[in-house]
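Engineer: Below is the structure I would like to discuss, written out as structure tokens.
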Amino acid sequence: MFLSLLRARNAHEKIIKSPHTNLISFVVNGMLTDSLPGFNGEIIVTEGLGPSLRNVMRRARLDTNRAYYPSFCTDNIKRIGSQIAKAMAHLETLKIFHLDLKAGNVVFVKPDIRYTIEHDDIQPTIQMETLVSRLSILDAQRATGSIGRIRSGAECNLLPYGRQK
1 MFLSLLRARN AHEKIIKSPH TNLISFVVNG MLTDSLPGFN GEIIVTEGLG
51 PSLRNVMRRA RLDTNRAYYP SFCTDNIKRI GSQIAKAMAH LETLKIFHLD
101 LKAGNVVFVK PDIRYTIEHD DIQPTIQMET LVSRLSILDA QRATGSIGRI
151 RSGAECNLLP YGRQK
């Protein structure tokens, strides 16, 4: 876990120097002064974002009451794929190699994502109107879980290290 935070901190420094519209922005990183037991206290805070692709697919699966995930329409797949490709190309120019690309690490900019589902006999399809996604270089599922537990406690004081945006 410590090594992944160290890598994330190094990536954070590079992304601050060369940001990209399809990468999440880092706000601050640092150490909590009063961390929870069992937590090393190191945190990275990112901009507020909406749900991940995985979360949207899960929510749509519950809406359709099916055992399998609905697919996105072709236009949405092209737009999301293009945004992911641009983010990955930018990371490569920074010598950052994302080795954990998955639906949980692609997040939408707006928190209130709206979609419609076209019900088909074979496969329901998710249709979204506005799509701006960002790629997370952190494991968004683990990171949000940890931060969620931290925020649920009392106030957290942060001791920043490195650069701040």
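In this text, residue positions in the sequence shown follow the UniProt record's numbering: the first is 1, and each later residue adds one.
Even glycine gets a Cβ: it sits at the ideal position worked out from N, Cα and C.
Considering only their Cβ atoms, is the gap separating Ile-122 from Val-106 smaller than 8 Å?
Structural biologist: Here residue 106 is taken as the residue at index 106 of the sequence shown, counted from 1. Here residue 122 is taken as the residue at index 122 of the sequence shown, counted from 1. Against a cut-off of 8 Å, the Cβ pair of Ile-122 and Val-106 comes out as no contact.
Engineer: Give every residue of the same chain whose Cβ lies closer than 8 Å to the Cβ of His-90, excluding the five residues on either side of it in the sequence, and list them in chain order.
Structural biologist: In the sequence shown, counting from the first residue as 1, residue 90 sits at position 90. So the list reads Ser-18, His-20, Asn-22, Leu-23, once near-sequence residues are dropped.
Engineer: So is Ala-11 buried or exposed if we call it buried at 16+ other beta carbons inside 10 Å?
Structural biologist: To locate residue 11, count along the sequence shown from 1; it is residue 11. By the 10 Å Cβ count, Ala-11 comes out buried.
Engineer: Assign Leu-99 to buried or exposed, taking buried as 16 or more other Cβ atoms, counted over all protein chains shown, within 10 Å of its Cβ.
Structural biologist: Taking the first residue of the sequence shown as position 1, residue 99 is located at position 99. Burial call: exposed.
Engineer: Consult DSSP for Gln-123 and reduce its assignment to one of helix, strand or coil.
Structural biologist: What you label residue 123 is simply residue 123 of the sequence shown in a count that begins at 1. It is coil, neither helix nor strand.
Engineer: Check this for me: beta carbons of Ala-87 and Leu-131, under 8 Å apart or not?
Structural biologist: As a first step, residue 87 must be located in the sequence shown, where it is residue number 87. As a first step, residue 131 must be located in the sequence shown, where it is residue number 131. Not in contact: Ala-87 and Leu-131 (Cβ atoms no closer than 8 Å).
Engineer: If you draw a straight line from the alpha carbon of Val-109 to that of Pro-37, how long is it in whole angstroms?
Structural biologist: Here the question's residue 109 lines up with position 109 in the sequence shown. Here the question's residue 37 lines up with position 37 in the sequence shown. Each residue's alpha carbon lies about 32 Å from the other.
Engineer: I need the DSSP call for Cys-73, collapsed to helix, strand or coil.
Structural biologist: Numbered from 1 along the sequence shown, position 73 holds the residue referred to as residue 73. In this structure, Cys-73 counts as coil in the three-state DSSP scheme.
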